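Reading through the structure tokens given below for one structure.
In the working numbering, the protein residues as written are 24 to 533.
Here it is, written out as structure tokens:
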């Protein structure tokens with residue numbers, strides 16, 4: 024799905040939150056109704072949506088795991104530094120013993136043999152090796168290098184799984200955003216429709232009151248029966264509860280929209296994006312599903328996207344395909360586990376032995392080098408069935424991923440057909456409601472003139488008014504359903520499959 028928002032979305036939404044419910048500072052402190060468009064509502068919802076934030080966190084985690092997995096292919100270099108103070112050691116004791124033995128023998132013995140032993144003891148105590156092993160302090164600087172040369176497919180499997188997880192997480196973000204658009208648009212258009220329904224109820228009440236006034240006047244001049252006057256009053260009184268119910272439904276719809284957007288529940292608000300209801304019956308019938316699928320659809324976020332109902336482009340199918348690829352490499356790694364793993368390591372160290380009373384040697388030249396390189400082989404000999412168990416698990420995970428992919432494809436195909444069918448149904452209902460509304464309005468105008476001229480009955484007028492009210496209600500609801508069906512068809516490729524479980528990208532990976 025094409026990205027709906029730019030990096031300025033958060034700043035714009037924050038500014039919108041700051042000014043959305045600001046009151047006008049006037050002499051009387053009057054409050055100006057806040058204006059809210061559908062695009063503004065989507066920006067606010069993106070800031071509040073827990074589902075979108077969870078999906079973005081999952082994407083960030085998947086990106087971090089991909090970095091971790093990729094790093095295992097590359098060399099690793101670590102530095103070390105240490106200071107060791109020896110409190111007591113056998114080498115210090117030997118060195119002191121050799122030094123004291125040498126001084127004692129030199130003062131009392133005059134023979135050649137004793138002189139030779141004394142010389143040997145003195146050489147041992149003053150030798151450079153004795154100064155190293157018996158040094159009271161040791162400073163160590165080092166570098167540790169390691170590189171995997173061959174891992175029997177384990178690292179490649181881990182990298183493929185990490186790549187699949189990142190792609191699945193990115194698709195999850197698009198899915199969460201598309202679902203958010205649908206949810207907010209549904210709540211917004213429902214509030215707009217309920218406001219229109221309240222206006223229809225008010226209009227119906229006004230028509231009933233006008234008819235009652237005409238009947239009352241006719242009764243006063245003696246051209247209308249008392250029965251007609253009673254019917255007109257009952258019709259007017261029956262319209263009042265409908266007005267109350269319509270206004271209550273409008274308020275509830277607005278409260279639901281405010282709650283969804285995280286806005287204060289109190290305060291006036293005007294919805295500025297109307298439900299698209301400016302088409303004639305012929306124009307509505309011309310908007311077939313084929314024409315919608317072949318042209319870009321303008322989204323509430325001022326973007327445009329071309330609907331795509333292909334099975335392989337559905338987000339759930341792409342996620343399942345990524346999971347299957349990850350399990351394929353995991354199975355390959357399980358089959359190669361008996362092959363040896365090869366790793367090369369190298370350690371470079373410099374040892375310094377500071378004199379007593381100092382913390383560090385006087386110069387870097389007094390740090391003595393030690394450099395080693397190692398190539399290691401590791402392979403299993405006897406694992407008591409562990410390798411067989413891991414292979415069985417990998418085979419089961421691969422088989423499960425295959426079935427989940429097939430399940431996702433079947434669900435996506437069915438969901439696409441249902442979405443197209445719902446669009447065509449909503450389109451036909453809207454086209455029919457447009458024609459019916461126009462005819463009902465014309466019929467009521469004629470009935471009102473006929474009743475005013477005394478050539479029609481109260482019953483005929485009431486029936487025409489009821490038909491007009493129902494036709495208007497049907498048109499409003501059909502227009503709302505048509506707009507939502509068109510939007511759902513446009514975002515279908517990123518929407519979750521209805522009733523399908525979420526597929527994990529790396530289920531069963533170890």
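Glycine is no exception: its CB is placed at the ideal position from the N, C-alpha and C atoms.
It should be emphasised that the depicted structure is a prediction, and the values quoted were computed from it without experimental measurement.
Euclidean distance between Cα positions of residue 483 and residue 451:
29 Å
Excluding the five sequence neighbours on either side, which residues of its own chain have a C-beta within less than 8 Å of the C-beta of residue 89, listed in chain order?
182, 185, 186, 188 and 189
Could you work out which residue in 280, 503, 224 and 222 is closest to residue 65 when comparing CA atoms only?
280
DSSP state of residue 409, grouped into three classes?
helix
Contact set for residue 441: own chain, Cβ-Cβ below 8 Å, skip 5 residues either direction:
521
Name the residue from 431, 81 and 168 whose alpha carbon lies nearest to the alpha carbon of residue 100.
168
Interface flag, residue 338 vs chain C, CB-CB below 8 Å:
The structure shown contains no chain C; it is built from a single protein chain.
Whole angstroms are fine: how far does the CA of residue 298 sit from the CA of residue 514?
18 Å
Measuring straight from C-alpha to C-alpha, what distance separates residue 383 and residue 159?
12 Å
Could you compute how far the alpha carbon of residue 414 sits from the alpha carbon of residue 343?
21 Å
Can you grab the Cα-Cα spacing for the pair residue 302 / residue 446, in whole Å?
16 Å
Reference residue 63; option with closest CA among 86, 365, 110 and 204:
204
Report the rounded CA-to-CA distance for residue 214 versus residue 505, giving the unit in angstroms.
15 Å
Please state whether DSSP places residue 293 in a helix, a strand or coil.
strand
Since residue 256 contacts residue 235 with CB under 8 Å, what's their CB separation in whole angstroms?
6 Å
From 449, 225, 253 and 463, residue whose alpha carbon lies closest to that of residue 503
449
Of all the options 391, 193 and 365, which has the alpha carbon lying nearest to the alpha carbon of residue 400?
365
Could you have a look at residue 392 and say whether DSSP puts it in helix, strand or coil?
strand
Span of the alpha helix (DSSP H), counted from its first residue to its last, around residue 352
338-358
So, at 6 Å on beta carbons, what are the nonlocal neighbours of residue 490 in its own chain, with the 5 sequence-adjacent residues on each side left out?
463
Taking C-beta to C-beta, are residue 328 and residue 334 nearer than 8 Å?
no
Could you check if residue 391 is buried or exposed, using at least 16 other CB atoms within 10 Å of its CB as the buried criterion?
exposed
The region 346-355 in contact with the region 369-382 per 3-pair CB rule at 8 Å:
no
Excluding five sequence neighbours on each side, which residues of the same chain lie with their C-beta closer than 8 Å to the C-beta of residue 466?
487, 490 and 491
Can you list the alpha helix (DSSP H) stretches of 4 or more residues lying completely in the region 56-124, in chain order?
61-71 and 73-94
With DSSP run on the structure shown, which of helix, strand or coil describes residue 304?
helix
Residue environment, residue 469, which counts as buried when at least 16 other CB atoms sit within 10 Å:
exposed
Name the DSSP bridge partner or partners of residue 399?
366
Of the residues 500, 479, 73 and 507, the one placed nearest residue 285, counting alpha carbons only
73
Could you check if residue 69 is buried or exposed, using at least 16 other CB atoms within 10 Å of its CB as the buried criterion?
buried
Where does residue 434 sit, in a helix, a strand or coil, going by DSSP?
helix
From residue 444 to residue 509, what does the alpha carbon distance come to, in whole angstroms?
11 Å
Proximal residues to residue 485 (C-beta, below 6 Å), its chain only, five neighbours per side dropped:
258
Roughly how many angstroms lie between the CA atoms of residue 423 and residue 348, to the nearest whole one?
12 Å
Only counting the same chain, and skipping five residues up and downstream in sequence, which positions put a Cβ closer than 8 Å to that of residue 272?
217, 220 and 221
Nearest by alpha-carbon distance to residue 480: which of 248, 165 and 174 is it?
248
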